[in-house]
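Here's the structure, in structure tokens; my notes come after.
Protein chains: 2
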Amino acid sequence: MASHLSSGPSTRGWIVPIGGRIESRELLDRFVELCGGRNAAIAIIPTASGESDTGPWYQDKFRALGCTRTKVLPLDRRSDCDDEDWLSLVSEADGVFFTGGNQGRLGTVLGGTPIAELIQRRNREDGLHVAGTSAGAAYLCEHMIAGGAEGPTPHSKMVTLCAGLGLTNRAIIDQHFTQRNRLGRLLSALSYNPFCVGLGVDEDTGAFIAPDDSIEIEGSGAVTVIDPSGVEFSSIDSARAHEPVAILGLAMHILTRGTAFRLDTREAHVTETLAVRR
Amino acid sequence: MASHLSSGPSTRGWIVPIGGRIESRELLDRFVELCGGRNAAIAIIPTASGESDTGPWYQDKFRALGCTRTKVLPLDRRSDCDDEDWLSLVSEADGVFFTGGNQGRLGTVLGGTPIAELIQRRNREDGLHVAGTSAGAAYLCEHMIAGGAEGPTPHSKMVTLCAGLGLTNRAIIDQHFTQRNRLGRLLSALSYNPFCVGLGVDEDTGAFIAPDDSIEIEGSGAVTVIDPSGVEFSSIDSARAHEPVAILGLAMHILTRGTAFRLDTREAHVTETLAVRR
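Protein chains in written order, with my numbering: chain A, 199 to 476; chain B, 199 to 476.
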């Protein structure tokens, strides 16, 4: 970890999308470690869930890891999102954690509010680490997948994109990736503009995006990286409604623990962990 | 078509995997045209199906296209596969069409028999065109996917490979690709040896593999091409049972009608049809 944190002039915090259904201890463990360990102050935002017991449930999970300085921010309406108490908590937090639920609620309740702006600014300038699971993962980036259809082949009108939290515009995240069969909608999202990299994050799996834009994997599943930077042709502009979309020139990497990818250079490599195991 | 047939010294016939559920008229129409048009002699092999009405059902389909010189070869047991009458029919055929069903039956009934050898030799040396739908598509190549699990992420022990008809060893075909969510098992199959290209053929869609190894698409769906020739790392050799497999450096193209791919150079491009439509 230390090598990443000291590897560049960037003071951006880590961005940690998790694909839902957290079971592997190392997912939250590594996030806590990034935030400074057991004494880390972590703000839990259960807005996506809409259930009052979701926040406390995650507090228990963090407590089981020895982390007792968590606070749940019950942001249910837009008017909650300029509350001085909550802003003050986020100002002093080492990490923010978004729970799962419906990412549409995150966009409609938090979008454009002082608390969303504060999280975005502190992640960019002040090293605030931000993790989210399931809907919370979908919300992290500039371009968010609000919804779409299942299946591996991209079709026109298969995906609904909208603005997310905006921590990075380099990646588009899809979650529950294997379990809900979402390659097609991720490809559809990328087919419009090959600038972004697609990250399909499986359940119980996290993509740990470092300040230098390298990505390491934790958990039991895979992260499917779709890199469209070499795309020479996409038919999304001429495809009829619900017709399959041609995309020529994609690169793909299936990452599991022990492998990594760099968003800046678009290179995948094996890290020491997996090399040793072989 | 003519440009392909006259484009090289090869006398190999076309190889035409179709992903199942044929609805678009142009799929069988183009196959008939390749075989010489309405007077083409086409041998229908319904072995995968095991149902006695499958062969006649396809005879009707070909008849509706004006093609009356079809014969059904009821190859149900290995001993049927050195029958002089059937061998003679295949010797004089312009095309062979394998129906769907269970590809395991094709392997176990035809594998290594004189009729399989004759089809393979005549396709390679004598311009016999060979198409197959569903299980019939799976069977065409050297390496056949006998079965496997669903889902987009590759896992170890997810796919069962075996020997197929052997028309080419350059491609591994999976069929009903979108509809049965088979990216993961195709990636698993490729992860063992990045020599082969994976062709995931959707239902009602055909990959028309020309004698020069260029591939054009017909039908309403897509063909997902996975090109592992740039793979730098695969963890299939060290992954534990049912664990996700890391694969770094894949290329992917989603092909629809109007786009094409070359198995020899591994290049995808747009053909005239789609360029005009834009």
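Using N, Cα and C, we set each Cβ at its ideal position, and we do this for glycine too.
Neighbour flag for residue i against chain A, beta carbons, 8 Å
i: G302 of chain B; result: no
i: S289 of chain B; result: no
i: N367 of chain B; result: no
i: N321 of chain B; result: no
i: L285 of chain B; result: no
Neighbouring residues, chain A, relative to residue i (Cβ below 7 Å)
i: V395 of chain B; result: Per Cβ cutoff of 7 Å: no residues; V395 of chain B is ~13 Å from chain A at best.
i: L385 of chain B; result: I452
Own chain, CB closer than 7 Å to residue i, minus 5 neighbours either side, in chain order
i: P312 of chain B; result: C279, D280 and L285
i: C233 of chain A; result: I240, D292, G293 and H327
i: L226 of chain B; result: I220, K259, F260 and L263
i: I371 of chain B; result: P215, A335, A336, L338, C339, L397 and V399
i: N237 of chain B; result: R267
i: I452 of chain A; result: A420 and T422
Closer than 8 Å to chain B by CB, residue i
i: F431 of chain A; result: yes
i: M450 of chain A; result: yes
i: P352 of chain A; result: yes
i: D400 of chain A; result: yes
i: T469 of chain A; result: no
i: F229 of chain A; result: no
i: L273 of chain A; result: no
i: E445 of chain A; result: The question names Glu, but residue 445 of chain A is Ile in the sequence shown. For I445 of chain A, the answer is yes, since a Cβ of chain B falls inside 8 Å of its Cβ.
i: N391 of chain A; result: no
i: L225 of chain A; result: no
i: L232 of chain A; result: no
i: H202 of chain A; result: Here the model assigns H202 of chain A a pLDDT of 40, short of 50, so the residue's position is not dependable and the matter cannot be decided.
i: W212 of chain A; result: no
i: V388 of chain A; result: Checking the sequence shown, residue 388 of chain A turns out to be Leu, not Val. For L388 of chain A, the answer is no, since every Cβ of chain B falls outside 8 Å of its Cβ.
Same chain only: Cβ atoms within 8 Å of residue i, ignoring 5 sequence neighbours per side
i: G305 of chain A; result: Y337, M342, A344, C360, A361 and G362
i: I407 of chain A; result: W212, I213, V214, P215, T366, A369, I413 and L461
i: E290 of chain A; result: A239
i: T469 of chain A; result: E414, G456, T457 and A458
i: A246 of chain A; result: F296, T297, G298, G299, N300, Q301, R303, L304, S332, A333, G334 and Y337
i: R210 of chain B; result: N321, R322, E323, G325 and P409
i: R438 of chain A; result: S354
i: E249 of chain A; result: G299
i: L316 of chain B; result: L285, V288 and S289
Helix, strand or coil at residue i according to DSSP, with G and I counted as helix
i: Q377 of chain A; result: coil
i: E416 of chain A; result: strand
i: D278 of chain A; result: helix
i: V443 of chain A; result: coil
i: K269 of chain A; result: strand
i: G253 of chain A; result: helix
i: S332 of chain A; result: coil
i: V230 of chain B; result: helix
i: S432 of chain A; result: strand
i: I220 of chain A; result: coil
i: D292 of chain A; result: coil
i: A262 of chain B; result: helix
i: G349 of chain A; result: coil
i: P426 of chain A; result: helix
i: G382 of chain A; result: helix
i: P392 of chain A; result: coil
i: D372 of chain B; result: strand
i: R455 of chain A; result: coil
Chain A contact residues for residue i, given Cβ-Cβ distances below 9 Å
i: G419 of chain B; result: T351 and P442
Per-residue contacts from residue i into chain A (C-beta, under 8 Å)
i: T422 of chain B; result: P350 and T351
i: A262 of chain B; result: Going along chain A, no residue has its Cβ under 8 Å from A262 of chain B, so there is no contact; the nearest lies around 25 Å.
i: L381 of chain B; result: P350 and L381
Beta-carbon contacts of residue i that lie in its chain and below 6 Å, excluding the five residues immediately before and after
i: E441 of chain B; result: S354
i: S433 of chain B; result: V443 and A444
i: A405 of chain A; result: P215, L397, V399, I413 and V421
i: W255 of chain A; result: none
i: G417 of chain B; result: S222, L225, D402, T403 and G404
i: E465 of chain A; result: none
i: T252 of chain B; result: P244 and T297
Under 8 Å from the C-beta of residue i: neighbouring residues of chain B
i: G456 of chain A; result: S433 and A444
i: F375 of chain A; result: P350 and T351
Cross-chain neighbours of residue i in chain B, by beta carbon under 7 Å
i: D453 of chain A; result: Looking at the sequence shown, residue 453 of chain A is not Asp but Leu. Here the neighbours are A444.
i: A466 of chain A; result: L446 and G447
Practice task
Would you be able to state if there are at least three C-beta pairs under 8 Å between the region 419 to 429 of chain A and the region 376 to 384 of chain A?
Solution key: yes
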